[in-house]
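The structure appears right after this line, and notes come after that.
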């Protein structure tokens with residue numbers, strides 16, 4: 082998973098949703114369904130299928146890029162919270178409920194940028210592999226070079242969510258999407274696939290609905306505008322009802338190189354996208370678009386997918402000076418990733434004429450004379466089967 086710089090001895094820690102969409106599109110081409118797939122997604126105002134980015138998991142714990150409105154917690158003398166790029170689901174829910182983390186039970190793994198329970202292993206680490214090209218005729222070797230990659234610990238891998246716009250879209254694309262992920266597990270994700278990199282065991286699929294599969298306590302729908310937590314990259318349309326003066330978001334440039342039977346290697350046009358973990362204030366769920374980033378003179382369009390997969394969340398509750406601690410053992414451990422389903426737009430629209438949600442600074446209260454007892458967060462509900470989520474286990 083190459084970084085934005087393109088340097089071979091560096092690696093990105095996340096496989097973004099636009100890269101995943103491109104990989105699935107190439108798989109659809111090999112399966113003979115690319116044109117129908119592009120008509121249903123990149124060329125459609127409301128895409129039939131959208132993907133989150135690929136995030137790490139280990140065992141039953143799946144990690145997220147946390148909402149920017151809830152993370153990081155207040156500074157700690159023991160843990161550098163803001164160094165964590167990936168956070169377990171149970172911690173995200175605790176932060177949204179205004180709970181504090183027990184700094185004695187958590188640590189930030191500097192290499193993977195994951196928040197892990199003390200004494201536990203991170204999902205992956207960064208490794209460097211050396212290689213050198215050898216001339217088959219003269220047997221002369223070129224100078225060796227190094228490639229960076231991710232090595233996963235046992236029982237760890239990557240997960241994502243694939244959400245369908247409607248039951249009809251699910252019926253049409255459920256099996257093709259599963260087939261595409263099975264093909265990608267054999268052929269590989271990311272770079273250096275010709276060397277066998279990026280392959281995985283057979284992906285596992287689980288079904289359910291959004292947002293219950295990702296948050297145990299979905300946010301209530303109230304206010305003229307709601308907060309939407311992005312689990313994917315997002316390229317907004319001009320008419321998107323996003324209040325860009327509010328919320329908390331980060332913009333990242335995206336580019337890359339074309340890979341196509343008509344010609345590969347040319348650099349794509351660069352576009353800016355809103356990154357994962359951003360929280361947008363909007364009257365309705367963000368949709369996004371696919372932009373044509375084909376270089377000049379390329380024989381066909383090259384789509385960069387910026388479709389949004391988001392979760393409506395409530396504003397973080399204010400934290401008291403001495404809040405309830407959440408330890409590594411006590412925080413709820415999330416289920417293995419499952420694919421949520423997005424309700425059809427007509428049922429998922431935000432009701433009009435509701436009061437506005439205002440982001441607020443977290444107030445500080447005087448510490449109580451006695452530490453309040455800890456109340457364990459409610460466990461996640463069992464998922465109900467409806468839509469698939471692919472998981473790419475350990476390569």
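Residue numbers (my numbering): 82 to 476.
No residue lacks a Cβ here, since even glycine has one placed at the ideal position from N, Cα and C.
All values reported here derive from a predicted model rather than from experimental measurement.
query = Where do the ends of the beta strand (DSSP E) carrying residue 176 lie?
reply = Where residue 176 is concerned, there is no enclosing beta strand (DSSP E), although the alpha helix (DSSP H) it sits in stretches over 170-177.
Bridge partner(s) assigned by DSSP for residue 228 = 210
inquiry  = Which of the three DSSP states is assigned to residue 218 in this structure?
reply    = coil
key: Beta carbon of residue 96 nearer than 8 Å to that of residue 134   = yes
query = When we look at the beta-carbon of residue 139 and count the other beta-carbons within 10 Å, is it buried (16 or more) or exposed?
reply = buried
key: Helix, strand or coil at residue 360 according to DSSP, with G and I counted as helix   = strand
ask   = The beta strand (DSSP E) spanning residue 285 covers which residue range?
value = 285-289
task = Give a yes or no on whether the minimum CB-CB distance between residue 296 and chain C is below 8 Å.
result = The displayed structure is made up of one protein chain only, and chain C is not part of it.
key: For residue 97, the three-state DSSP class (helix, strand or coil)   = coil
inquiry  = What ranges does the beta strand (DSSP E) occupy inside the segment 129-170, keeping only unbroken runs of at least 3 residues that lie completely in it?
reply    = 130-132, 136-139 and 142-145
inquiry  = Alpha carbons only, please: which of 116, 239 and 209 is nearest the one belonging to residue 227?
reply    = 209
request  = Please classify residue 336: does DSSP put it in a helix, a strand, or coil?
outcome  = coil
The segment 123-134 contacting the segment 89-107, beta-carbon criterion three pairs below 8 Å = yes
key: Distance, residue 314 Cα to residue 108 Cα   = 21 Å
message = If you measure between the beta carbons of residue 336 and residue 354, is that distance less than 8 Å?
response = no
ask   = Which value, in whole angstroms, describes the spacing of the CA atoms of residue 233 and residue 204?
value = 6 Å
query = Of all the options 296, 371 and 385, which has the alpha carbon lying nearest to the alpha carbon of residue 172?
reply = 296
query = Among all the DSSP beta bridges, which residues are the ones paired with residue 484?
reply = Since the displayed the chain opens at 82 and closes at 476, residue 484 lies outside it and no answer follows.
ask   = Exposed or buried, residue 418, counting other C-beta atoms within 10 Å across all chains shown (16 or more means buried)?
value = For residue 418, the predicted structure reports a pLDDT of 42, less than 50, and the residue's modelled location is therefore unreliable. A value from the coordinates is still provided. So residue 418 ends up on the buried side.
key: residue 256 classed as buried or exposed, judged by whether at least 16 other C-beta atoms fall within 10 angstroms   = exposed
query = The beta strand (DSSP E) spanning residue 196 covers which residue range?
reply = 195-198
key: residue 262 - DSSP class collapsed to helix/strand/coil   = helix
query = Looking at C-beta atoms only, is the number of pairs between the segment 311-331 and the segment 345-365 that lie closer than 8 Å three or more?
reply = yes
key: For residue 150, the nearest candidate out of 330, 344, 348 and 368 (CA to CA)   = 330
key: Among 165, 163 and 155, nearest to residue 179 - alpha-carbon criterion   = 155
message = So the candidates are 127, 380, 245 and 176; which of them puts its Cα closest to the Cα of residue 292?
response = 245
query = Can you tell which of 118, 379 and 122 has the C-alpha that lies nearest to the C-alpha of residue 387?
reply = 122
query = residue 345 to residue 375, Cα distance in whole Å?
reply = 11 Å
inquiry  = What would DSSP say about residue 274, mapped onto helix, strand or coil?
reply    = helix
ask   = Alpha carbon to alpha carbon, how far is residue 119 from residue 341?
value = 15 Å
task = May I have the straight-line CA-CA distance separating residue 241 from residue 323, to the nearest angstrom?
result = 25 Å
query = If you draw a straight line from the alpha carbon of residue 339 to that of residue 378, how long is it in whole angstroms?
reply = 13 Å
query = Going straight from the alpha carbon of residue 114 to that of residue 286, what length do you get?
reply = 21 Å
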